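Note that the protein sequences, when read in sequence, are chains B and R.
Heads up, the first sequence is in the numbering used here, so the first residue is 1 and it goes up one at a time.
Heads up, the second sequence is in the numbering used here, so the first residue is 1001 and it goes up one at a time.
All C-beta atoms in this analysis are idealised placements derived from N, C-alpha and C, irrespective of residue type, glycine included.
The structure displayed is predicted, hence computed values, not measured ones.
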Amino acid sequence: MPSRKHVHAMLHTGAHYTSLILFALFTTFPFIWALSSGLSGDASHMYLFPDGFWPHEATLDWFARVFREMPFTTYLKNSTILAFFTIAGVVAVSVLAGYPLARMKFPGRGLVFVAIIATMMLPSEVGIVPNFITLKHFGDAAAALQGTLGLGPDWNLREWIGLNSYFGAIVPNVAGAFGIFLMKQAFEQIPQDLIDAARVDGANEMQILWKVMVPVTGPSIAALAIFTLVSAWNDYLWPSLVMNSKEKMPLAVGVFNDLTGPFATSDNILMAAIVLTVIPVLVFFAFTQRYFISGMDGAVK
Amino acid sequence: MQSARNYTTTAYLFLAPALILMGIFTFWPVGYNTWLAFHDYAIADGSATWNSFAHFKYIYNEALFHHALKNSLLYLLVVPCIQLAALVMAKLVNNRLPGMTFFRATYYIPVITAISVAGVAWAFVYKYDGMLNGFLGWAGHALGLLASPQAHIDWLGDPGIAIYAVMGFTFWKGLGYYMVLYLAGLQAIPAEVEEAAILDGANVWERFWRITVPMVKPTILLCTLLSTIGAMKAFQEVIVLSRGQADTYTALYYVYDQAFRNYNFGRAAAAGLVVTFFCMLLAIVQFRFFGEKR
């Protein structure tokens, strides 16, 4: 016969898990529903509850049609290009800037650091219009350069660095306070002896950074890369403004335009496309989730 | 050993990429935006002419902008909801029972999905014949409130409801983010405090309000501030869900619309300044409010 206290504890745990599961259903139901609709050959149950939450006449046809009717692989390629170069840029710039802020004494250090951190307070949306105009000027300058150099029209330098270029979609996101701050914090943890030893051996600052500092701050660099990947992969607003040709759009923009545009043929194919877009992020997240959950609480404390 | 002077050169060489890029894409926009707000900008030839506060006068008298500001202030209703739910969520996963890693990760999923794609999924949920109506109809029918298993609410088309529906999406998308921040705050509370309260016979409800809430107050301030500014700036949700129809025009959506549909960059910049001003005002009010109570 279980004691009263025991029953009470059981009830408590039961209620606890029930709440946990209810919250989990709330945060995941759109994707579960999208998955089951994407797998359903028979669309008539899609909007019925609870029938919509499991597949009827399961088939992979809709997923195949996503690849046939949508330039899905082009978008995927573009997302990969954007994410890769954003990560490379963010890591390079943050490592370079973090090192002197953490380990060198020079006039103006405090001011530079405060100025960088202060940008965290700015609403980033304020930069959208000016950056759009700046990129337009970049494009004009490139076109003028092309004219001066007498290059043929198929060079199209305007779309190398101006609007509708990968460069334009990437470059405003490269230098950010978050990355610089993260790397500065990481470099400050490294013992001074390590740096002094390298200096005695005659290493210059670049060699110290590359051969001593970078290898030992691997986890911080990984965390920065992961955060950057997710934000670059999911960025919608800026690429949607910069990229106006379908060949250069990333997933978050291209799939959204196709889903809400006039070519959206059936709801199931849209659901399949949603699932295909979300899956790469989820798989990646499954392997790296500890960086998100623990990396962030480091930032708060 | 290098002299201090050489360090200065090296240091600024290392900082150069960051400072140049931030100068062009972060600092310059602030100044340029302010300048634009006082000028008429022609996008075709890039010429700008001083217009003696015409944009500010215009938006001061424009009903659409008033409406957008009012909606942005109304949007702040999402802040207390999201904070309370995120704190409860963090409390639920802050223990060593099995499966907690799974639940934490699950709660974080909406945060790591693209707003555009998640928005499409939610548009299907909110559709007139969508899943939410399907669910409500089923629940209503099962409870005997509705005669047939169909509910007829136009979530994104009814001007009285649409903004709340968009807020629902913001709520869903942001929960996990604040949960992680609260989790960090909760983990700093020593377990003994809670154990002592249990021995004193405090129930779950009392422990939550008397112990948890006061002890994570700094985190609450941080999260409330972040989500207030986030709510004040809400507009990507509007772009992906309702395109500003059915009375869901928010202040930054107005900025976006003026800039990229009307190509009136000057007016957009002026409206953007007004929104920035409101954000800063709210931040100051909150610091005062929470700061004195502590």
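Since residue i and residue j are thought to touch, with beta carbons under 8 Å apart, how far apart are those beta carbons, to the nearest angstrom?
i                      : j                      : result
residue 1059 (chain R) : residue 1065 (chain R) : 4 Å
residue 1107 (chain R) : residue 24 (chain B)   : 7 Å
residue 126 (chain B)  : residue 1272 (chain R) : 5 Å
residue 966 (chain R)  : residue 1237 (chain R) : In the structure as shown, chain R starts at 1001 and stops at 1294, and residue 966 (chain R) therefore has no counterpart that could be examined.
residue 217 (chain B)  : residue 181 (chain B)  : Actually they do not touch by this definition, with Cβ atoms about 13 Å apart.
residue 1175 (chain R) : residue 1269 (chain R) : About 33 Å separates the two Cβ atoms, so there is no contact after all.
residue 1250 (chain R) : residue 1075 (chain R) : 6 Å
residue 66 (chain B)   : residue 252 (chain B)  : About 15 Å; that fails the 8 Å criterion.
residue 164 (chain B)  : residue 245 (chain B)  : 6 Å
residue 119 (chain B)  : residue 1280 (chain R) : Residue 119 (chain B) to residue 1280 (chain R), Cβ: 15 Å. No contact.
residue 995 (chain R)  : residue 1227 (chain R) : Since the first residue shown for chain R is 1001 and the last is 1294, residue 995 (chain R) is missing from the structure and cannot be characterised.
residue 1015 (chain R) : residue 97 (chain B)   : 5 Å
residue 130 (chain B)  : residue 1233 (chain R) : Contact doesn't hold; Cβ gap of about 17 Å is too wide.
residue 184 (chain B)  : residue 101 (chain B)  : 5 Å
Let me confirm a value: residue i is counted as buried when at least 16 other C-beta atoms fall within 10 Å, else exposed. Which label applies?
i                      : result
residue 75 (chain B)   : buried
residue 1115 (chain R) : buried
residue 1049 (chain R) : exposed
residue 1294 (chain R) : Its pLDDT being 42, under 50, residue 1294 (chain R) is placed unreliably by the model, and nothing is read from it.
residue 1263 (chain R) : exposed
residue 148 (chain B)  : exposed
residue 1020 (chain R) : exposed
residue 1009 (chain R) : exposed
residue 298 (chain B)  : At residue 298 (chain B), the pLDDT of 44 sits below 50, so the modelled position is not reliable; the number obtained from the coordinates is stated separately. Classification for residue 298 (chain B): exposed.
residue 325 (chain B)  : The structure shown has nothing for residue 325 (chain B), since chain B only spans 1 to 301.
residue 173 (chain B)  : buried
residue 1193 (chain R) : exposed
residue 1287 (chain R) : exposed
residue 33 (chain B)   : buried
residue 240 (chain B)  : buried
residue 1004 (chain R) : Confidence in residue 1004 (chain R) is poor, its pLDDT being 49 and thus under 50, which makes the residue's placement too unreliable to answer from.
residue 1061 (chain R) : exposed
residue 121 (chain B)  : exposed
residue 283 (chain B)  : exposed
residue 1018 (chain R) : buried
residue 103 (chain B)  : buried
residue 38 (chain B)   : buried
residue 301 (chain B)  : Summary for residue 301 (chain B): the model assigns pLDDT 35, below 50, so the residue's position carries little reliability, and this model does not support an answer.
Have a look at the options and flag the residue whose alpha-carbon is nearest the alpha-carbon of residue i.
i                      : options                           : result
residue 64 (chain B)   : B:289, B:269 and B:24             : B:269
residue 213 (chain B)  : B:78, B:94 and B:70               : B:94
residue 132 (chain B)  : R:1265, R:1200, R:1013 and R:1090 : R:1265
residue 1186 (chain R) : R:1094, R:1269 and R:1176         : R:1094
residue 1258 (chain R) : R:1009, R:1041 and R:1015         : R:1041
residue 36 (chain B)   : B:274, B:292 and B:287            : B:274
residue 1119 (chain R) : B:203, B:194, B:31 and B:184      : B:31
residue 160 (chain B)  : B:198, B:257 and B:141            : B:141
residue 1179 (chain R) : R:1242, R:1133, R:1224 and R:1129 : R:1224
residue 1072 (chain R) : R:1035, R:1260 and R:1248         : R:1248
residue 1239 (chain R) : R:1228, R:1124, R:1067 and R:1254 : R:1254
residue 1173 (chain R) : R:1256, R:1231, R:1281 and R:1101 : R:1231
residue 1067 (chain R) : R:1092, R:1163 and R:1194         : R:1163
residue 171 (chain B)  : B:191, B:28 and B:81              : B:81
residue 1211 (chain R) : R:1091, R:1151, R:1028 and R:1143 : R:1091
residue 254 (chain B)  : B:78, B:56 and B:143              : B:78
residue 138 (chain B)  : B:152, B:157, B:211 and B:278     : B:157
residue 49 (chain B)   : R:1131, R:1201 and R:1281         : R:1131
residue 177 (chain B)  : R:1229, R:1026 and R:1014         : R:1026
residue 197 (chain B)  : B:166, B:184 and B:211            : B:211
residue 42 (chain B)   : B:51, B:52 and B:56               : B:56
residue 279 (chain B)  : B:230, B:206 and B:236            : B:230
residue 329 (chain B)  : B:281, B:8 and B:9                : There is no way to answer for residue 329 (chain B), as the model of chain B reaches only from 1 to 301.
residue 1157 (chain R) : R:1252, R:1135, R:1182 and R:1129 : R:1129
residue 304 (chain B)  : R:1011, R:1222, R:1139 and R:1151 : Because chain B here runs from 1 to 301, residue 304 (chain B) falls outside it and cannot be looked at.
Can you pull the DSSP bridge partners for residue i?
i                      : result
residue 1049 (chain R) : R:1040
residue 58 (chain B)   : B:40
For the ligand GDP, is there any heavy atom lying closer than 7 Å to the beta carbon of residue i?
i                      : result
residue 1170 (chain R) : Only the bare structure without any ligand can be found here, which leaves the ligand GDP out of the picture.
Go through the region 1230 to 1283 of chain R residue by residue and report every complete run of the alpha helix (DSSP H) that reaches 4 residues or more, in order. 1236 to 1241 and 1251 to 1260
Fully enclosed by the region 1082 to 1141 of chain R, which alpha helix (DSSP H) runs are 4 residues long or longer? 1100 to 1112 and 1115 to 1126
Within the region 140 to 204 of chain B, ranges of the alpha helix (DSSP H) (whole runs, at least 4 residues): 158 to 161, 166 to 170, 177 to 188 and 192 to 200
Can you list, in chain order, the stretches of the alpha helix (DSSP H) that have 4 or more residues and sit fully within the region 1203 to 1230 of chain R? 1204 to 1207
Using a Cβ cut-off of 9 Å, which residues of the region 27 to 47 of chain B contact any Cβ in chain A, in chain order? Here chain A cannot be found, since the structure's protein chains are B and R.
Runs of alpha helix (DSSP H) wholly within the region 1150 to 1207 of chain R (minimum 4 residues, chain order): 1162 to 1187, 1191 to 1199 and 1204 to 1207
At 4 residues or longer, what runs of the alpha helix (DSSP H) sit wholly inside the region 57 to 97 of chain B? 61 to 69
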